[in-house]
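J.: Sequential numbering from 0 applies to the sequence shown in numbering that gives the first Met the number 0.
Ideal placement from N, C-alpha and C gives every residue a C-beta, glycine not left out.
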Amino acid sequence: MKNPFHVMLIPTLGCPSKCSYCWSSDEGSPIMSIETIKEVVAWLKDFRTDRVTFTFHGGEPLLAGADFYRQALPLLSRGLPQLNPEFALQSNLWRMTPEIAQVLAEYHVPIGSSIDGPKEINDLQRGNGYFEKTMRGYEIAKAHGLNVRFICTFTNQSVKSREEIFSFFLKNGFTLKLHPALPSLRSENPRRWALEPEEYGDLLVYLLDKSLEHLQEIDVMNINDLFRCVFTRRGNVCTFADCMGNTFAVGPDGSIYPCYRFVGMPEYIMGNVYDHPTVDDLAKSDAWKLMFGYKEYVDTTCGECKHIRYCRGGCPYNAIAPTDGKIQGVDPHCVAYKRIFDEITDRLNKEMGESPMMEMGFLSKPKKGARPKVMALMHKMVST
Ligand code: SF4
Ligand code: SF4
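(1) Can you grab the Cα-Cα spacing for the pair Phe168 / Asn235, in whole Å?
(2) Mind listing, in chain order, the continuous beta strand (DSSP E) runs of no fewer than 3 residues lying wholly within the segment 74-154?
(3) Starting from Lys170, trace the alpha helix (DSSP H) both ways and give me its first and last residue.
(4) In three-state terms, what does DSSP make of Tyr199?
(5) Just checking Cys258 against ligand 1 - is the residue's beta carbon closer than 8 Å to any of the ligand's heavy atoms?
(6) Mapping the DSSP letters down to three states, classify Gly352 as helix, strand or coil.
(7) Just verifying my parser: in three-state terms, what is the DSSP assignment at Phe53?
(8) In angstroms, rounded to a whole number, what distance separates the CA positions of Pro182 and Ile36?
(9) Count Cβ pairs between the segment 141-150 and the segment 104-112 that sit closer than 8 Å; are there 3 or more?
(10) Ala248 lies in the alpha helix (DSSP H); which residues open and close that run?
(11) Rounded to whole angstroms, what's the CA-CA distance from Leu123 to Leu214? Just pull it up for me.
(12) Taking the continuous alpha helix (DSSP H) assigned at Lys379, which residues delimit it?
(13) Could you say which of Pro371, Cys314, Leu281, Ala286 lies nearest to Val297 if we only look at CA atoms?
(14) Whose C-beta lies closer than 8 Å to the C-beta of Asp280 among residues of the same chain, with five residues either side of it excluded?
(15) Can you determine whether any heavy atom of ligand 2 sits closer than 8 Å to the C-beta of Gly313, and answer yes or no?
(16) DSSP on Ser254, reduced to helix/strand/coil?
(17) What number of angstroms, rounded off, separates the C-alpha of Asn2 from the C-alpha of Lys209?
(18) Where does Pro60 sit, in a helix, a strand or coil, going by DSSP?
(19) Bridge partners for Val219 per DSSP, in chain order?
(20) Specify the secondary structure class of Ile339 as computed by DSSP and reduced to three states.
(21) Can you say whether Glu216 is buried or exposed, counting buried as having 16 or more other CB atoms within 10 angstroms of its CB?
(22) Measuring CB to CB, does Ser112 end up less than 9 Å from Arg77?
(23) If we count the other Cβ atoms within 10 Å of its Cβ and call it buried at 16 or more, is Val229 buried or exposed?
(24) In chain order, what residues of the same chain lie with their CB nearer than 8 Å to the CB of Phe261, ignoring the 5 residues before and after it?
(25) Residues in the same chain with beta-carbon distance under 6 Å from Gly250, minus the five sequence neighbours each way, listed in chain order, please.
(26) Could you pull the DSSP bridge partners for Ile30 from this structure?
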């Protein structure tokens, strides 16, 4: 089965926020023209036939303004009916206005935003005033019926306050999606905020327990995704699937990259939308060959790992960007992935050994007052 087709559109690399662990450039960075969107449509006309998801990402994509979305969304939607486009947007929401919210609502665009916990913790690592500006945008989005979920970046500092951060998400009724802070490749001290793989593994196990404890009150997206990976034995998010050849990112000038994370790094350009490249054209680029080289490397290096089917060596960017495009190892978060995959697998095996399916909370509701087991998560996922 083919992995989902995903095109990330990066209207700008600029961002008004100055988060300590991020690498976006300043607000004045160039913005994608509508001409480039028209070329995206022309490029994709005969590129693939399966459903596409377009995610507007950045930098901060709302810097492109209401007019950009007023034109871009119908162009993509009507220009590519055969691909049945779906949309999503990743934004800090500072520049959300009623005008932008209205056009996003028309196209049912779900939003992923970022909050790292309560104001003090968030602003310490994202900058003073961040929390209030994001919440202001959130209120506008909510008033227009937009669906907003928050990604919480855990750094090696904030992970010490994991209890407080989890309570914040729980109390506010927010779905939690965690993102581990990565080494910032453009900083003099790249590991200053990075969450080490061991800490990340501990955090995932902690969140597994917390999400089971509060099963009916909160969704922890990563835990749901990891559980689904193990249970279905298939990766269902890009980190745990072969993203190469299925995910692309288009930078502000129309350059095509393997993912938004590479945008702005010229050595990873595979082509340009203005040339309408076919899959075969892109396959000739060094970046394409590198991404597929990583896939082959994983098949060999992770060959003996019992989780390979639904881990697939993690994220290629994490593996190859810090070593200047040389494949020297798998995603350094391997330690964390192994830890949580082992944990879920062991608990599942134990629960299956203890009681037949009917009693495990899979086909019937878990017993009242009983401490939820991991199978209860499956029950929740199939019943909602
Ligand atoms: S490079 Fe990493 S973040 Fe980008 S699509 Fe692939 S797995 Fe996802
Ligand atoms: S857990 Fe580690 S060894 Fe196993 S497939 Fe994932 S990256 Fe490879």
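T.: In this structure, then:
(1) As a working note, residue 168 is residue 169 in the sequence shown. As a working note, residue 235 is residue 236 in the sequence shown. Using only the alpha carbons, I get a separation of about 24 Å.
(2) 85-89, 110-113, 147-153
(3) Working through the sequence shown from its first residue, we reach residue 170 at position 171. Run containing Lys170: 161-171, per the alpha helix (DSSP H) assignment.
(4) Counting from one through the sequence shown, the residue named residue 199 turns up at place 200. DSSP places Tyr199 in helix when its eight states are reduced to three.
(5) By 1-based counting over the sequence shown, the position of residue 258 is 259. Yes, Cβ of Cys258 sits closer than 8 Å to a heavy atom of ligand 1.
(6) Here residue 352 refers to the residue found at position 353 of the sequence shown. Three-state DSSP puts Gly352 in a helix.
(7) Sequence index remark: in the sequence shown, residue 53 carries index 54 (1-based). It is a strand residue.
(8) As a first step, residue 182 is located in the sequence shown; it is residue number 183 there, counting from the start. As a first step, residue 36 is located in the sequence shown; it is residue number 37 there, counting from the start. Answer to the nearest angstrom: the Cα atoms are 32 Å apart.
(9) yes
(10) Translated into positions along the sequence shown, residue 248 becomes position 249. Counting along the chain, Ala248 falls outside any alpha helix (DSSP H), though it belongs to the beta strand (DSSP E) covering 246-249.
(11) To locate residue 123, count along the sequence shown from 1; it is residue 124. To locate residue 214, count along the sequence shown from 1; it is residue 215. The alpha-carbon atoms of Leu123 and Leu214 are separated by roughly 30 Å.
(12) Taking the first residue of the sequence shown as position 1, residue 379 is located at position 380. Per DSSP, Lys379 belongs to the alpha helix (DSSP H) from 373-382.
(13) The count along the sequence shown starts at 1 and reaches residue 297 at position 298. It is Cys314.
(14) Taking the first residue of the sequence shown as 1, we reach residue 280 at position 281. The residues are Gly270, Asp274.
(15) By 1-based counting over the sequence shown, the position of residue 313 is 314. Yes; taking the cut-off as 8 Å, the Cβ of Gly313 has a heavy atom of ligand 2 nearer than that.
(16) Taking the first residue of the sequence shown as position 1, residue 254 is located at position 255. Strand at Ser254.
(17) Indexing the sequence shown from 1 puts residue 2 at position 3. Indexing the sequence shown from 1 puts residue 209 at position 210. If you take the alpha carbons of Asn2 and Lys209, they lie about 31 Å apart.
(18) If you number the sequence shown from 1, residue 60 lands on position 61. In the structure shown, Pro60 sits in a helix (DSSP, three-state: H, G or I).
(19) Residue mapping note: residue 219 aligns to position 220 of the sequence shown, counting from 1. Answer is Leu175.
(20) In the sequence shown, residue 339 corresponds to position 340, counting from 1. Reduced to three states, the DSSP call for Ile339 is helix.
(21) Indexing the sequence shown from 1 puts residue 216 at position 217. When all chains shown are included, Glu216 counts as exposed.
(22) What you label residue 112 is simply residue 113 of the sequence shown in a count that begins at 1. What you label residue 77 is simply residue 78 of the sequence shown in a count that begins at 1. Taking 9 Å as the Cβ cut-off, Ser112 and Arg77 do not qualify as a contacting pair.
(23) Taking the sequence shown and counting its residues from 1, one reaches residue 229 at position 230. It is buried - the Cβ of Val229 has at least 16 other Cβ atoms within 10 Å.
(24) Position 262 of the sequence shown, counting from 1, holds the residue named residue 261. So the qualifying residues of the chain are Ala248, Tyr267, Ala286, Tyr316, Ala320.
(25) Counting from 1 along the sequence shown, the entry for residue 250 is found at position 251. So the qualifying residues of the chain are Ile9, Val262.
(26) Sequence index remark: in the sequence shown, residue 30 carries index 31 (1-based). Per DSSP, Thr11.
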